[in-house]
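**Q**
2 protein chains.
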Amino acid sequence: MGKRFHCGTLGKEHIGQEVVLKGWVHKRRDLGGLIFIDLRDRSGIVQVVFNPSVSKESLEIADKARSEYVLEIKGEVVARDANTVNERMETGSIEVLAREIKILNKAKNPPFLIQDETDTTEEIRLKYRYLDLRRKSMQETFKLRHQTTQVIRSFLNDEGFLEMETPMLTKSTPEGARDYLVPSRVHPGDFYALPQSPQLFKQLLMISGFEKYYQIARCFRDEDLRADRQPEFTQIDIETSFMSREEIMELTERMMKQVMKEIKGIDIETPFPRIKYDDAMARYGTDKPDTRFGMELVDVSSVVRESGFNVFSGAVQSGGTVSAINVKGGAMEFSRKDLDQLTEFVKIYGAKGLAWLKVEDGEIKGPIQKFLSDEEISGLKEKLHTEDRDLLLFVADQTKIVQESLGALRLKLGKELNLIDSSKFNFLWVTDWPLLEYDEELNRYVAAHHPFTMPVEEDLHKLADHPEDVRAEAYDLVLNGYELGGGSLRIHKKDIQDQMFKTLGFSQEEAMNQFGFLMEALEYGAPPHGGIALGFDRFVMLLAGRSNLRDTILFPKTASASCLLTEAPSRVSENQLKELKLKLVEQLINEEKAEV
Amino acid sequence: MGKRFHCGTLGKEHIGQEVVLKGWVHKRRDLGGLIFIDLRDRSGIVQVVFNPSVSKESLEIADKARSEYVLEIKGEVVARDANTVNERMETGSIEVLAREIKILNKAKNPPFLIQDETDTTEEIRLKYRYLDLRRKSMQETFKLRHQTTQVIRSFLNDEGFLEMETPMLTKSTPEGARDYLVPSRVHPGDFYALPQSPQLFKQLLMISGFEKYYQIARCFRDEDLRADRQPEFTQIDIETSFMSREEIMELTERMMKQVMKEIKGIDIETPFPRIKYDDAMARYGTDKPDTRFGMELVDVSSVVRESGFNVFSGAVQSGGTVSAINVKGGAMEFSRKDLDQLTEFVKIYGAKGLAWLKVEDGEIKGPIQKFLSDEEISGLKEKLHTEDRDLLLFVADQTKIVQESLGALRLKLGKELNLIDSSKFNFLWVTDWPLLEYDEELNRYVAAHHPFTMPVEEDLHKLADHPEDVRAEAYDLVLNGYELGGGSLRIHKKDIQDQMFKTLGFSQEEAMNQFGFLMEALEYGAPPHGGIALGFDRFVMLLAGRSNLRDTILFPKTASASCLLTEAPSRVSENQLKELKLKLVEQLINEEKAEV
Chain D
616 MGKRFHCGTL GKEHIGQEVV LKGWVHKRRD LGGLIFIDLR DRSGIVQVVF
666 NPSVSKESLE IADKARSEYV LEIKGEVVAR DANTVNERME TGSIEVLARE
716 IKILNKAKNP PFLIQDETDT TEEIRLKYRY LDLRRKSMQE TFKLRHQTTQ
766 VIRSFLNDEG FLEMETPMLT KSTPEGARDY LVPSRVHPGD FYALPQSPQL
816 FKQLLMISGF EKYYQIARCF RDEDLRADRQ PEFTQIDIET SFMSREEIME
866 LTERMMKQVM KEIKGIDIET PFPRIKYDDA MARYGTDKPD TRFGMELVDV
916 SSVVRESGFN VFSGAVQSGG TVSAINVKGG AMEFSRKDLD QLTEFVKIYG
966 AKGLAWLKVE DGEIKGPIQK FLSDEEISGL KEKLHTEDRD LLLFVADQTK
1016 IVQESLGALR LKLGKELNLI DSSKFNFLWV TDWPLLEYDE ELNRYVAAHH
1066 PFTMPVEEDL HKLADHPEDV RAEAYDLVLN GYELGGGSLR IHKKDIQDQM
1116 FKTLGFSQEE AMNQFGFLME ALEYGAPPHG GIALGFDRFV MLLAGRSNLR
1166 DTILFPKTAS ASCLLTEAPS RVSENQLKEL KLKLVEQLIN EEKAEV
Chain Z
616 MGKRFHCGTL GKEHIGQEVV LKGWVHKRRD LGGLIFIDLR DRSGIVQVVF
666 NPSVSKESLE IADKARSEYV LEIKGEVVAR DANTVNERME TGSIEVLARE
716 IKILNKAKNP PFLIQDETDT TEEIRLKYRY LDLRRKSMQE TFKLRHQTTQ
766 VIRSFLNDEG FLEMETPMLT KSTPEGARDY LVPSRVHPGD FYALPQSPQL
816 FKQLLMISGF EKYYQIARCF RDEDLRADRQ PEFTQIDIET SFMSREEIME
866 LTERMMKQVM KEIKGIDIET PFPRIKYDDA MARYGTDKPD TRFGMELVDV
916 SSVVRESGFN VFSGAVQSGG TVSAINVKGG AMEFSRKDLD QLTEFVKIYG
966 AKGLAWLKVE DGEIKGPIQK FLSDEEISGL KEKLHTEDRD LLLFVADQTK
1016 IVQESLGALR LKLGKELNLI DSSKFNFLWV TDWPLLEYDE ELNRYVAAHH
1066 PFTMPVEEDL HKLADHPEDV RAEAYDLVLN GYELGGGSLR IHKKDIQDQM
1116 FKTLGFSQEE AMNQFGFLME ALEYGAPPHG GIALGFDRFV MLLAGRSNLR
1166 DTILFPKTAS ASCLLTEAPS RVSENQLKEL KLKLVEQLIN EEKAEV
């Protein structure tokens, strides 16, 4: 027909021009013998007018068009009358006077309106994902995702990194999360595993001498899903040789700075603040603090160690902690009923209760006030920097419970009291992680990050006898209370890796069976190396200002790992299973039943 | 220690500078009380000299270094004496006088030398892939691969394409190659499939209105492997809405032009030549002609239809073909024994024999000459443009056998006679494909490309009754005799897709069960769309001038789909299978045995 233009790009500068448009009927209105169609393509929307005096035939065809029909339209861009200019529409100063129209495809009436505010359920949105994705906010999220990918690539390319593809059909290694398995047809009884991360392969690439690797890598974990988890996810995966921990952190900071600048137009300050793991737990009750607001946890154990209030002194004396948060101005805001609800909330995290005090007219008031001495009261006032109208909330318990419950309470109150400036992007490094955690269930140590993390050199001598005291050369990057990713220096010496597996309770045989190829590779000139992996879906979610991870993934799975659009996973044919020499247990059960 | 430099980047301009180098011992020589180490990093190699008069301590440490040890060295760049300048080494005009050295890691003696010419087996190379990848030619291949990826991305980004990630855990659809399956733990008995291509998802993205999509996508096919196949491979996957076939082909050509310019420094001509599928088969005996040399197949059926030579006339009269190739100057080159070998070769492709004639001193000679009339002889001479010393090779059979056997023979002779200019990059479009092929085994039509390919509009009416005559809106891109990829316009109308599935022998229920989500999506405003997918591994292989696909994949699998490095696939634990509610058939057999 002629030169194609995109709907959302038309403006006054096109007035008088002949344009061809291709897109979807966003809205159709009949008015005084004319038909108005808001035509939508990926660039935006423009109003097209069908006027019988211009083309009667076009008007007749336009009359058949319904919502979401696909049209090709030829027409002239004209100025709107002053009284019909639509300021809320980007192309609202012009419209297109249609001369020709062609219906490229019809559409059934969609199950929900293609607009940002949709009142349909997420289930329906996922079933008709192709319609859901037509909404402007979704289109913008995936443009942002695309752009972010390109900024990151461009940054890493300029830094001399090579983008490299590691395999998807790999070896199952039971250390870590649960693997997704892929049965082999050629080797019946054997399985590949989908990678939980390219960890071992990127280490092998360093041993191969490539020195700077990155990949925007798909990873898989067969875990029970939470709101912010997906069975498959994407990570920005980076590994370098010969760089120090500081150099890797600095590189990451520059990358984030560039993303924030190019995607959000924000200059963020570097270096990012750092906090040690122990301090993060003590001050925020979490290893991923949201530092966009205060209300930090304050350990008041020293003040109440000898208190007559047994709940406090008892907790401290049995090795636990008493900590508090100060809800500024909260004294008048929270009724007894509210406080009862907060008590129920901390119980979710194992706390036995929540004690509280209010500051009113300079006086400390509340049910536990009478158990506290004047000295204790003034000690608390000092530690908690109290002012009039403050609300003090206390948990006394084992340290872990105190931190987790108060940390969660802090976050909940921060959100509810609107203390969080959502325009802020607060990056934070969490450092000085423990190398190992004791797993009560497995009755052994497990790696806090993964078994390839380098211990801090000066702690190395403790690895055999006091593994709990060994720190890791690890660093997590936190953004606005979300773990954006983590990295570490890796073990590049065979003897340390041997010791690590020993500490984790692996026999020599088990270690070789699972990780023999890595152990062997470490003996052939492995350079010092380290890296970082950042959760890309989550990063996009934060950049797009969204709260649902599924809105940042084109075709996400539900909490039960299903795709509502394609209905995957699904049954496969007998023949497919036969080729894999597999039987379903239920099939066996049925066969048994049939025999009986 | 100081500022890091890369070995291969040092030159005369650095003379007098203090540098820190980190890399591997490529070679070590002791000479007159000095130690010379060729230090290698990803940039190249430089010679480092340890001189006792500079640092006795460093010399002593250097004395311990062996091949592939990882070193950190500090020293001064100095000019070499005129008589020790090494012209064959990029850094051969200088050397580094070492002042300090640190052994970062030791290395066992590698199982093969880290150099381009390696005489070890591919098996050993794959087992120690991390050492194999240290070789310069491998390093260069993966740098080229990285660069090619970036050129393609940059081109597509500039064209307004969005890079988008489609799922890896998808639905199994039996049409096409064999799927890799992934058992679901949450839904026992159900399976995901790994994608053979993002075909359906990219079509859904078009229906979502994104208009221009690309992905450098990992794809999976559980096929019996050939030398140029891998169970997982990478394709450049492109889809667009509203573009015509011509526009998609033109876009692809510009992309290829840019890659060739930026990666190889070659200006290739566009538009690429085109050939119809039928002509490709008739003239080259293959749907992926290597046009870097001539020796085309010539159909001489019309000349020999009535020949007294029954082999010829019989083939033509029973509906087959007689074709020939003219091996220029081959008359003296090929002995009887050679010709017997060529006969054996064409038999692989089902030909019953190979007839030949030689042109010697203007005379046609050869065992079949006596069966041919003068008229036939002169007809052949004319058709085959014979000159003195030509060798004419004939196959008479069913057309398909004639084409395949002579096509293969042409390629074999082209290589053996060095007719192929390996510096050429001959792109070629193959168009006018049949939409369907009759599968004798399945006793039904199958899609020549895939069931979503748009039939040529003017052939549409034949889809029900004469499906074999329907052409597809498909185009394959061929480079130097390799199928680089293929594309097509897709069916965007529900009724045509319905008819297509019907022609393929699907019941309504089967079609809905497998592809219901697509069928439904086509009803909600699907735009006209199409695209292309290019085999990236193969493209890199051709760009890198390599002949083994495995050399372009970092961690490839063997012909039995195994990874010799990690030993994937492998057994998994009882518990993993139990969670998936699966049993191995062999396990069942063993259990049965145990019972007996």
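Protein chains in written order, with the working numbering: chain D, 616 to 1211; chain Z, 616 to 1211.
Where is the CB? At the ideal position from N, CA and C, for every residue including glycine.
Note that the structure is predicted; figures quoted are calculated from it, not measured.
Scan the stretch 674-690 of chain D for residues whose Cβ lies nearer than 7 Å to a Cβ of chain Z and list them as they occur along the chain.
**A** So the list reads E683, Y684, V685, given in the order they occur along the chain.
**Q** Please classify Z/V640: does DSSP put it in a helix, a strand, or coil?
**A** For the purposes of this step, residue 640 of chain Z is identified with residue 25 of the second sequence, where counting begins at 1. Reduced to three states, the DSSP call for Z/V640 is strand.
**Q** Can you find a CB in chain D that lies within less than 8 Å of the CB of Z/R634?
**A** Along the second sequence, read from residue 1 onward, the residue named residue 634 of chain Z stands at position 19. Here residue 634 of chain Z is Val; the residue named in the question, Arg, does not match the sequence. Taking Cβ atoms only, chain D never reaches closer than 8 Å to Z/V634, which makes this a no.
**Q** Residues of chain Z with CB under 8 Å from D/N698, in chain order?
**A** As a working mapping, residue 698 of chain D is identified with position 83 in the first sequence. By Cβ distance, chain Z contributes nothing, its closest Cβ being about 32 Å from D/N698, past 8 Å.
**Q** Are the C-beta atoms of Z/E1102 and some chain D residue less than 8 Å apart?
**A** Residue 1102 of chain Z sits at position 487 when you count from the first residue of the second sequence. Looking at the sequence shown, residue 1102 of chain Z is not Glu but Gly. Not closer than 8 Å to any Cβ of chain D, the Cβ of Z/G1102 fails to qualify, so no.
**Q** From D/G576 to D/L866, what distance separates their C-alpha atoms?
**A** There is no way to answer for residue 576 of chain D, as the model of chain D reaches only from 616 to 1211.
**Q** Note down, in chain order, each residue of its chain lying with its Cβ closer than 6 Å to the Cβ of Z/L957, except the 5 sequence neighbours on either side.
**A** Taking the first residue of the second sequence as 1, we reach residue 957 of chain Z at position 342. Excluding positions up to five away in sequence, the list reads L969.
**Q** Please go through the stretch 804-831 of chain D and give each complete alpha helix (DSSP H) segment of 4 or more residues, from N-terminal end onward.
**A** Correct list: 814-822.
**Q** Pull up the distance between the alpha-carbon of D/E1072 and that of D/Q818, whole angstroms please.
**A** Taking the first sequence and counting its residues from 1, the one referred to as residue 1072 of chain D is at position 457. Taking the first sequence and counting its residues from 1, the one referred to as residue 818 of chain D is at position 203. Going by the C-alpha atoms only, they are around 20 Å apart.
**Q** Tell whether a beta-carbon distance below 8 Å holds between D/W971 and D/L995.
**A** The count along the first sequence starts at 1 and reaches residue 971 of chain D at position 356. The count along the first sequence starts at 1 and reaches residue 995 of chain D at position 380. Not in contact: D/W971 and D/L995 (Cβ atoms no closer than 8 Å).
**Q** Is it a yes or a no for the stretch 1054-1066 of chain Z touching the stretch 1109-1120 of chain Z, going by three-plus beta-carbon pairs under 8 Å?
**A** As far as the Cβ criterion goes, the stretch 1054-1066 of chain Z touches the stretch 1109-1120 of chain Z, which means the pair count is three or higher.
**Q** Anyone know if the C-beta pair for D/T1173 and D/L1164 falls short of 8 Å?
**A** Start at 1 with the first residue of the first sequence, and residue 1173 of chain D comes out as number 558. Start at 1 with the first residue of the first sequence, and residue 1164 of chain D comes out as number 549. Not in contact: D/T1173 and D/L1164 (Cβ atoms no closer than 8 Å).
**Q** When we look at the beta-carbon of D/P1142 and count the other beta-carbons within 10 Å, is it buried (16 or more) or exposed?
**A** Position 527 of the first sequence holds residue 1142 of chain D. The residue is buried, with at least 16 neighbouring Cβ atoms inside 10 Å.
**Q** 8 Å is my cut-off, CB to CB: does D/N720 come that close to chain Z?
**A** Taking the first residue of the first sequence as position 1, residue 720 of chain D is located at position 105. Chain Z, which has a Cβ nearer than 8 Å to the Cβ of D/N720, makes this yes.
**Q** Does DSSP put Z/K1172 in a helix, in a strand, or in coil?
**A** Counted from its first residue, the second sequence places residue 1172 of chain Z at position 557. It is coil, neither helix nor strand.
**Q** Any idea what DSSP makes of Z/H1144, helix, strand or coil?
**A** The residue labelled residue 1144 of chain Z in the question sits at position 529 within the second sequence. Looking at Z/H1144 - three-state DSSP - the assignment turns out to be strand.
**Q** With a Cβ-Cβ cutoff of 8 Å, do Z/S856 and Z/H1144 count as a contact?
**A** Within the second sequence, numbered from 1, the residue matching residue 856 of chain Z stands at position 241. Within the second sequence, numbered from 1, the residue matching residue 1144 of chain Z stands at position 529. Contact flag set, yes.
**Q** Alpha carbon to alpha carbon, what distance is there between Z/A1136 and Z/V1225?
**A** There is simply no residue 1225 of chain Z to check, as chain Z begins at 616 and stops at 1211 in what is shown.
**Q** Which residues of chain Z have a Cβ atom closer than 7 Å to the Cβ of D/V1187, listed in chain order?
**A** By one-based count along the first sequence, residue 1187 of chain D stands at place 572. Correct list: S787, L796, F806.
**Q** Indicate whether at least one CB of chain Z lies closer than 8 Å to the CB of D/Y1139.
**A** Position 524 of the first sequence holds residue 1139 of chain D. Chain Z, which has a Cβ nearer than 8 Å to the Cβ of D/Y1139, makes this yes.
**Q** Kindly identify the DSSP beta-bridge partner or partners of D/C834.
**A** As a working note, residue 834 of chain D is residue 219 in the first sequence. In DSSP, D/C834 forms a bridge with D/F848.
**Q** Tell me the residue span of the alpha helix (DSSP H) that contains D/V926.
**A** For the purposes of this step, residue 926 of chain D is identified with residue 311 of the first sequence, where counting begins at 1. Here the alpha helix (DSSP H) through D/V926 covers 925-932.
**Q** When you compare the CB of Z/Q850 with every CB in chain D, is at least one pair closer than 8 Å?
**A** One-based indexing of the second sequence puts residue 850 of chain Z at position 235. Not closer than 8 Å to any Cβ of chain D, the Cβ of Z/Q850 fails to qualify, so no.
**Q** Exposed or buried, D/L646, counting other C-beta atoms within 10 Å across all chains shown (16 or more means buried)?
**A** By 1-based counting over the first sequence, the position of residue 646 of chain D is 31. Classification of D/L646: exposed, given that the 10 Å Cβ count is below 16.
**Q** If Z/E778 and Z/Q830 are in contact, beta carbons under 8 Å, what's the gap, nearest whole angstrom?
**A** As a working note, residue 778 of chain Z is residue 163 in the second sequence. As a working note, residue 830 of chain Z is residue 215 in the second sequence. Their Cβ separation, rounded to whole angstroms, is 6 Å, which keeps Z/E778 and Z/Q830 in contact under 8 Å.
**Q** If you reduce the DSSP assignment to three classes, tell me which class Z/Q1114 lands in.
**A** Numbered from its first residue, the second sequence carries residue 1114 of chain Z at position 499. Looking at Z/Q1114 - three-state DSSP - the assignment turns out to be helix.
**Q** Z/A1148 and Z/G1101 - do their beta-carbons sit closer together than 8 Å?
**A** Here residue 1101 of chain Z refers to the residue found at position 486 of the second sequence. Here residue 1148 of chain Z refers to the residue found at position 533 of the second sequence. Their beta carbons are under 8 Å apart, which means Z/G1101 touches Z/A1148 by this criterion.
**Q** Secondary structure at D/F1130, three-state DSSP: helix, strand or coil?
**A** Translated into the one-based positions of the first sequence, residue 1130 of chain D becomes position 515. Of the three classes helix, strand and coil, the one that applies to D/F1130 here is helix, per DSSP.
**Q** Measure the C-alpha to C-alpha separation of D/H629 and D/C622 and round it to an integer number of angstroms.
**A** Counting from 1 along the first sequence, the entry for residue 629 of chain D is found at position 14. Counting from 1 along the first sequence, the entry for residue 622 of chain D is found at position 7. The alpha-carbon atoms of D/H629 and D/C622 are separated by roughly 11 Å.
**Q** Quick check on the burial criterion: 16 or more other C-beta atoms within 10 angstroms. Buried or exposed for Z/H1081?
**A** Along the second sequence, one-based indexing puts residue 1081 of chain Z at 466. Classification for Z/H1081: exposed.
**Q** What does D/I587 touch in chain Z if you count any residue whose Cβ is under 7 Å from its own?
**A** Any property of residue 587 of chain D remains undetermined from this structure, which presents chain D solely from 616 to 1211.
**Q** Check for me: the alpha helix (DSSP H) holding Z/L1028 runs from which residue to which?
**A** As a working mapping, residue 1028 of chain Z is identified with position 413 in the second sequence. Note, Z/L1028: alpha helix (DSSP H), 1014-1031.
**Q** Could you check how far apart the C-beta atoms of Z/L654 and Z/H641 are, in whole angstroms? I think they sit under 8 Å.
**A** Here residue 654 of chain Z refers to the residue found at position 39 of the second sequence. Here residue 641 of chain Z refers to the residue found at position 26 of the second sequence. Indeed they touch by this definition, with Cβ atoms about 7 Å apart.
**Q** Z/N772 touches chain D at which residues, Cβ-Cβ below 7 Å?
**A** The sequence position of residue 772 of chain Z within the second sequence is 157, counting from 1. By Cβ distance, chain D contributes Q765.
**Q** Out of D/K903, D/H802, D/E691, which one is the CA nearest neighbour of D/E1098?
**A** Your numbering for residue 1098 of chain D matches position 483 in the first sequence. It is D/K903 whose Cα lies nearest to the Cα of D/E1098.
**Q** Which residue wins for smallest C-alpha separation from D/E997, given the options D/D914, D/G923, D/W639?
**A** The residue you call residue 997 of chain D lines up with position 382 of the first sequence. For D/E997, the nearest C-alpha among the options comes from D/D914.
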